[in-house]
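Residue numbering for the sequence shown is 21 to 121, as defined by my numbering. Where a beta carbon is used, it is the ideal one built from N, C-alpha and C, also for glycine. It should be emphasised that the depicted structure is a prediction, and the values quoted were computed from it without experimental measurement. First up is the structure itself, then whatever we jot down about it.
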Amino acid sequence: MIKLGQTIKYVRETKGLTQRAAAEVLGISDVHLCNLEHDKARPSVDLLEIFSNKWNVDLYVLSWCLFGDVDQLPKAVRNPMKQLAKAWRSELAMKGILKGN
């Protein structure tokens, strides 16, 4: 299961933004952002692109890297996925998106 809402909230909080401030940056309402963070709505393709452009993050990849369970994957792809998660964590940490990860 992709924890997209939890990932959106994590990015927002890591950037030190309130829901209102983050929503303004993203060009959406704070109510919509709240719904996204609580998995009551899913981001559109356009909004996913805005996240990518504004904050240099792919929400689906980051979500898997933060909360994915490699043991749920087929054995043949576990090690490559572990390496992908490690690489994304490192890249995002260098860009200041992740703290302590």
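query, result
"C-alpha gap between Ser64 and Ala107, whole angstroms", "26 Å"
"Three-state secondary structure (DSSP) of Val77", "coil"
"Alpha-carbon spacing of Lys60 relative to His52, whole angstroms", "9 Å"
"Assigned secondary structure, Leu37 (DSSP; H/G/I helix, E/B strand, else coil)", "coil"
"Option in Gly36, Asn99, Asn55, Glu44 with minimal Cα separation from Leu24", "Asn55"
"Inter-residue Cα distance where the pair is Asn76 and Val45", "13 Å"
"Classification of Ala42 by the beta-carbon crowding that lies within 10 angstroms, buried from 16 upward", "buried"
"Residue range of the unbroken alpha helix (DSSP H) whose run includes Leu53", "50 to 57"
"Cβ-Cβ separation, Thr34 to Leu79 (assumed contact under 8 Å), whole Å", "13 Å between Cβ atoms; not a contact."
"Buried versus exposed call for Asn69 [16 or more other C-beta atoms within 10 Å across all chains shown]", "Inspection of the sequence shows that residue 69 is occupied by Glu rather than by Asn. Exposed is the call here."
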